[in-house]
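Notes for the one structure printed next.
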Amino acid sequence: MTTKYSPWTPEALKLEKYDSDRQASLLQRSPAYTEASKINDKFNRLVRQNRIIEEIERSGIPDIGLIFSPEYITLLPEVLDKLFEWFLAEYRRCVETPKEKITFDILDGTDDEMWHRFNFLWALINQYKSSNDSEILRKIIDDFQPKLVALYNESGYSKVEYGLYKHCLENCEMDDEQKRIIGMTVKDYEKNGIHLPQDKIDRLKEMNLKMTKMRNKFANNLLDDEKSFVHVFEDDGDISEMPQDVLTKAKDKAESAWRKWYLFNINHADLSNILQYCSNSQTRKHFYVANETLAISWKKDNRKLALKMLKLREETASILWYDTYSEFILSDVMAWTPEKVLEVLNEWIPRALEKEKKEIAMLKEHFWLEELAMWDVAYYSRLYKLEKFNLDPKVTRRYYEIDTVIEWLFDIANRLYWIEMRESQEKTYKEWIRYYEVWKWEELKGYFILDPFAREGKTSWAWNSKIRNKRTINWKAVYPIVFNVASFMDTGKWRTLIWSEWTRTLFHEFWHMLHALCWKSKYPALIWTANLERDLVELFSVFMENYKNEPESLKTFARDFETGETIPEEIIKKYEMTDKIMSWTNLLRLLNFAMIDIRIHNEKCPRTVKELDRKVFEIAQSNTNLNMNEHEYKLLANFKHLFYWSYASFVYSYLWADITSTQVKSRFKAWKWMFDKEIAAEYHDKLMSQWSIKPGIEQFMDFTWEDINMEPFFREMGI
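Residues 1 to 719 in UniProt numbering are what the sequence shown lists, from first letter to last.
In structure tokens, the structure reads:
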């Protein structure tokens, strides 16, 4: 019996699918289809590239999530190349301008749209990589950066370009701000060796490229080592004193990693919790030593990179006719010379050591301890305040819920400077990242992006980063964008409580952001951090930290996250009684960092890693009464301020800011109230908004009516 064929039987459907697939396969192999497919792919890539350019041209915050999505991130090298080529063409046309036709506007480049597009995308890539590390971003940066360094070398050592600036300074009609910009640029050319023989200049260029590559490798090695550290507590015996929400977070992390019990890493938040709340001294030591010896493995030894960079810096200073690298770096800041920095540190450290000695004796006596180790200080300091003053951070952190603290910051900015922060409704690219518009007197000043919590692939530190200045692109205003980044522990589904000390970090970085958006000059060159004295930069954020502890500020803003009640007077009084307890031990840590920094950059560079380790250890041991172990202290391997960020010879600037901010605070206190708008307006106009309009010491004295003086700080600290 014959079965009638049906097109709907399974056998027929299989046959039709086979024929269809075969025809498609034959079509795909045809030259016409292959060529059409290539054209279509090329067209789609161009469309996506143009979309990236459209995003970075937006007046507001671009769609960061789209730019770094899998579909678009692979196109970033092509877009960078395209924008860079456009800029180079404009740059070379400018350099070819005859001297007699040169003007300030041609040289300043404020309206150079090509540079703004490229520079913004490059800054955004580097900022995103610091918070969301990946191999593809590392490769993009490592592959492109040599081109950028080559441009900096070409421009920075161009005798033609220097001649144009010199001619403009001597012949062009300019106002005071324009003269300052051109004058600073001429001075930079001369300081960096424009008059040297060509072989010396070539060597400086070569070293610039080498140091740039080493900086990136240094940061990547450190982040890799941080990510690899995991410690699991198999019960809560040693960590039972920790707040419950911290334990819950540690348990969640363990479950996410398919582990049991409680998992801790070595990011700033976890390390802080362990050192304060883990009852087992050996475990605290394990974390502390692991942190102090990061990135010293054979394959990723940052000490070797640090030594190479120190030698290159020493050679750079020698070529430029400076005795030391510190002398070269400090020649145009408020401190002026390394000798002045050493004078300040040497006056400070003996006083601090005497105070620390008493603090250590106090803890040892109270807890019947024979020895107090570095990793024990935070734990016993907390217990001492709890037992002696009944001041428990687990209780006081109720008044530091992160949304409350952010509102606190915004209110202070409004009270002092009429700044209004409006949360943007734009979709953010990560959970808990927030976008804000910054307004003053109904004028948009810029955009603020807050990224406060630790996550995998994020640098374990806190920083402020301005990635775009105010510009005009395609005849429309493009506003500044500033990031505040931190690595706090996100401990709540709906509320996150942070420690009092972390609140200080928020205050510090927020005021860097506000400073970045407060300026008088219309010229970006005068509101660029690189043109402001580095020992003035930290003044504004360190001064802002005063508002975190001021009783009038606490009474107004610190509120219980559940009841909304303001912080009790009793707790404020306890803060005042305990504020200086162990403060000198903590301050000596920063003094030690500053001394190590200035000495390794102001003395003959050691020949080997072993000699460098020994030198750093000896400096550190001389700056504390606590016993140290040389094998457990490898500071330079994770000293990012010196070997990744641009703080070589500048670590003292945080201490300098303690001195100068105390003098600024005295002026506010003379008006009886830290929230007085009149004195705040004077501070804003004479100091905070000046940036590089005139030298930093002039700004400082315009406001304080006095030269820099250490005594007010020492009096406030009780010595």
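Heads up, the beta-carbon is just placed ideally off N, CA and C, and yes, glycines get one too.
Note that the structure is a prediction, hence the values are computed from the model and not measured.
Residue i Cβ short of 7 Å to the ligand COA heavy atom set
i, result
"residue 620", "As far as ligands go, the structure on display features none, and thus does not contain the ligand COA."
Sequence-distant residues of its chain with Cβ nearer than 6 Å to residue i (five each side left out)
i, result
"residue 10", "Reliability fails at residue 10, whose pLDDT of 49 lies under 50, so the model's placement of it is uncertain and the value that follows must be treated cautiously. Excluding positions up to five away in sequence, the list is empty."
"residue 541", "508, 511 and 512"
"residue 114", "86, 87 and 90"
"residue 706", "none"
"residue 463", "485"
"residue 427", "none"
Buried or exposed by the 16-neighbour rule on C-beta atoms within 10 Å, applied to residue i
i, result
"residue 3", "Legend: pLDDT at residue 3 = 40, less than 50; position of this residue unreliable, no value from coordinates given."
"residue 704", "buried"
"residue 152", "exposed"
"residue 425", "exposed"
"residue 98", "exposed"
"residue 715", "exposed"
"residue 596", "buried"
"residue 452", "buried"
"residue 268", "buried"
"residue 438", "buried"
"residue 637", "buried"
"residue 607", "exposed"
"residue 681", "exposed"
"residue 12", "In this prediction, residue 12 has a pLDDT of 48, which is less than 50 and means its spatial position is unreliable; what the coordinates show is noted afterwards. Per the 10 Å Cβ criterion, exposed."
"residue 700", "buried"
"residue 629", "exposed"
"residue 47", "exposed"
Whole-angstrom distance between residue j and residue i, CA atom to CA atom
i, j, result
"residue 245", "residue 562", "15 Å"
"residue 664", "residue 674", "11 Å"
"residue 253", "residue 209", "40 Å"
"residue 310", "residue 77", "31 Å"
"residue 659", "residue 635", "26 Å"
"residue 263", "residue 601", "39 Å"
"residue 387", "residue 364", "14 Å"
"residue 720", "residue 241", "The displayed coordinates of the chain run from 1 to 719. Any statement about residue 720 would go beyond what the structure contains."
"residue 504", "residue 486", "12 Å"
"residue 469", "residue 481", "7 Å"
"residue 283", "residue 65", "39 Å"
"residue 350", "residue 614", "22 Å"
"residue 200", "residue 532", "28 Å"
"residue 443", "residue 181", "26 Å"
"residue 238", "residue 279", "5 Å"
"residue 128", "residue 355", "42 Å"
"residue 286", "residue 249", "21 Å"
"residue 265", "residue 472", "44 Å"
"residue 102", "residue 198", "26 Å"
"residue 709", "residue 84", "47 Å"
"residue 671", "residue 194", "49 Å"
"residue 549", "residue 342", "30 Å"
Closest Cα partner of residue i within the set the options
i, options, result
"residue 377", "98, 716, 694 and 625", "625"
"residue 479", "117, 42 and 75", "117"
"residue 460", "291, 698 and 529", "291"
"residue 217", "430, 281, 645 and 243", "645"
"residue 392", "370, 318, 499 and 345", "499"
"residue 112", "123, 327 and 92", "92"
"residue 727", "121, 125, 397 and 178", "Not covered by the structure: residue 727. The range shown for the chain is 1 to 719."
"residue 491", "258, 454 and 205", "454"
"residue 55", "44, 45, 67 and 46", "67"
"residue 587", "352, 695 and 430", "352"
"residue 344", "149, 656, 684 and 295", "656"
"residue 447", "60, 41, 52 and 49", "60"
Cβ-based neighbour list, residue i, same chain, cut-off 7 Å, excluding 5 preceding and 5 following
i, result
"residue 688", "515, 518 and 540"
"residue 214", "305, 308 and 309"
"residue 322", "328"
"residue 647", "641"
Same chain only: Cβ atoms within 8 Å of residue i, ignoring 5 sequence neighbours per side
i, result
"residue 457", "131, 132, 133, 134, 223 and 227"
"residue 372", "360, 363, 364, 380 and 626"
"residue 654", "538, 542, 590 and 594"
"residue 169", "179, 182, 183 and 186"
Chain C within 8 Å of residue i, Cβ atoms only
i, result
"residue 677", "Any reference to chain C falls outside this structure, which holds one protein chain only."
### Task
Scan the stretch 441 to 472 and note each continuous alpha helix (DSSP H) run of 4 residues or more that stays entirely inside, going in chain order.
Contiguous alpha helix (DSSP H) elements confined to the stretch 441 to 472 do not occur, taking only those with 4 or more residues.
### Completely contained alpha helix (DSSP H) runs for the stretch 357 to 426, where each covers 4 or more residues
The qualifying runs are 377 to 389, 393 to 396 and 402 to 417.
### Task
Please specify which runs of the alpha helix (DSSP H), each continuous and at least 4 residues long, are wholly inside the stretch 111 to 141, giving them in chain order.
113 to 131, all fully within the stretch 111 to 141.
### Ordered list of alpha helix (DSSP H) runs contained in the stretch 220 to 274, each at least 4 residues
With a minimum length of 4 residues, the unbroken runs of alpha helix (DSSP H) contained wholly in the stretch 220 to 274 fall at 244 to 256.
### Task
May I have a chain-ordered list of the alpha helix (DSSP H) segments no shorter than 4 residues that lie completely inside the stretch 269 to 327?
Runs of alpha helix (DSSP H) with 4 or more residues, each lying fully within the stretch 269 to 327, are found at 281 to 292 and 302 to 319, listed in chain order.
### Query
Counting only runs that start and end within the stretch 499 to 579, where is the alpha helix (DSSP H) found for 4 or more residues in a row?
Counting only runs of 4 or more residues that sit fully inside the stretch 499 to 579, the alpha helix (DSSP H) segments are 500 to 516, 534 to 537, 539 to 544, 546 to 549, 551 to 557 and 569 to 578, in chain order.
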